[in-house]
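Numbering (full-length UniProt numbering), first residue to last: 1 to 337.
Beta carbons are placed, not taken as given, at the ideal position from N, Cα and C, and that holds for glycine.
For reference, the structure discussed in these notes is given below.
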Amino acid sequence: MRTCRVGLVGAGGVAQRHARVLGGFEDVEILGVTDVSREAAEALAGAHGARTFADVEELLAAGPDAVYVCVPPFAHGPVEEAVIAAGVPMFVEKPVAVDLETAERIAALVEEKGLLTAVGHHWRYLHVVEQARELLAGRAVRMVNGAWLDKVPPVAWWAVRDRSGGPVVEQAAHVLDLVRALVGEAVEVTAYGDGTPPPVDGADIDSVTAATLRFAGGAVGTLAAACVLIWKHRAGLEILADGLALSLAEDGLTVRDADGERRVESDPDAARVAVDRAFVDAVRGVGDDVRVPYAEALRTQRLALAVSESARTGRPVALPTDPAAAPLATAGVSVDA
Ligand SMILES: NC(=O)c1ccc[n+]([C@@H]2O[C@H](COP(=O)([O-])OP(=O)(O)OC[C@H]3O[C@@H](n4cnc5c(N)ncnc54)[C@H](O)[C@@H]3O)[C@@H](O)[C@H]2O)c1
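And the structure:
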């Protein structure tokens, strides 16, 4: 494959970013764009000298080498099914769905087909994540505290649970994905929401959520999510091991240990480029650095949904100890550890 011909499904904010990044790669051609809003598809296609397609089927008929699925959370499912049936490598934006059923169904189809996939958890490509991993190697993590404290993003679907999955699934999932990568799998979560939606049309989500997590490796942790501000306050996590404290966010890593405190800066844009570069290289058969294929994102989705389910029901939620295994179950007691 000389150039990788990419089709985009969805032409909103994140599709525009991927198109910008992909358009900067010499070995990528943006083949075309489809969106339920013809106008949005035409605008994005026009900006990149690409075609506009009426729907996913028409886009797939044009023979793309890869498809980016950049639809809002509620629209996942049918698009992926069409792409998988066509056997085309697929990049899916997070969250992979609003629910677990859709995500489990798509994951099973991906596995059945042996399809190359990637999901937009681009934080995994921050070089400071690798440094954090090295610093933690051989140490037991004792505690992790994750947070996403922000405003309500300016997209109409965001504050509606059925449309976005809620702030933990839609937004804090980036943090939960890193928690999983650096601390391991959680086995039980308990969460509370405030039951007070933000003052936005149609909103039915919690404005704030606080969760506690227990991990298979023995660590405990917390997650805080809030959308009550008018600025992005903090998105990141702190990890404590014996004699070591790490504070990690998109813009850098602060390390404190017996030698004192040091700071390593990080460029979030580099990770946003790296996630696309790794996927395209994998599609072209010249690389093998997809860090979050669909099956891995499914595990993050399970954890995020466990938190929101617990906040909704007021009960602890147990997660499968083998994350590849059964769906999560709401329970008053944890699963066997
Ligand atoms: N990884 C990241 O850093 C990152 C950043 C921003 C957004 N996102 C994720 O990307 C997703 C989309 O976010 P956005 O900001 O681009 O939203 P958006 O609302 O700006 O754009 C979504 C677009 O999808 C279109 N659409 C809806 N249903 C469709 C369908 N069935 N088929 C084709 N097009 C359809 C809409 O018309 C709209 O143009 C969200 O899940 C969001 O969490 C990820």
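Asked: I230 classed as buried or exposed, judged by whether at least 16 other C-beta atoms fall within 10 angstroms; Found: exposed
Asked: Cβ-Cβ separation, V56 to V92 (assumed contact under 8 Å), whole Å; Found: Not a contact, Cβ separation roughly 13 Å.
Asked: Where the alpha helix (DSSP H) through L176 begins and ends; Found: A173 to V183
Asked: Where G87 falls, given that 16 or more other Cβ within 10 Å makes a residue buried; Found: exposed
Asked: Between the CA atoms of L303 and G217 - distance to the nearest angstrom; Found: 16 Å
Asked: Residue(s) in a DSSP beta bridge with V264; Found: L253
Asked: Candidates L298, V286, S266 and R299, of which the one nearest W123 by Cα; Found: S266
Asked: Any non-hydrogen atom of ligand 1 within 7 Å of residue 340 CB; Found: This structure leaves residue 340 out entirely; the chain is present only between 1 and 337.
Asked: Element boundaries [alpha helix (DSSP H), containing A235]; Found: Counting along the chain, A235 falls outside any alpha helix (DSSP H), though it belongs to the beta strand (DSSP E) covering R234 to A241.
Asked: Close-in-space but distant-in-sequence residues of the same chain around residue 350 (CB under 8 Å, 5 per side omitted); Found: Since the first and last residues shown for the chain are 1 and 337, residue 350 lies out of range.
Asked: For R214, the first and last residue of its enclosing beta strand (DSSP E); Found: V208 to F215
Asked: Identity of the residues DSSP links to I30 by a beta bridge; Found: V6
Asked: Check: E80 C-beta below 7 Å from any heavy atom of ligand 1; Found: no
Asked: Given V292 as reference, the closest of E112, H121, P95 and F25 once Cα atoms are compared; Found: H121
Asked: Three or more C-beta pairs below 8 Å linking the segment 141-150 and the segment 170-189; Found: yes
Asked: Neighbourhood of E188 by C-beta, 8 Å cutoff - its chain only, sequence neighbours within 5 removed; Found: L213, R214, P316, V317, A318, L319, S334 and V335
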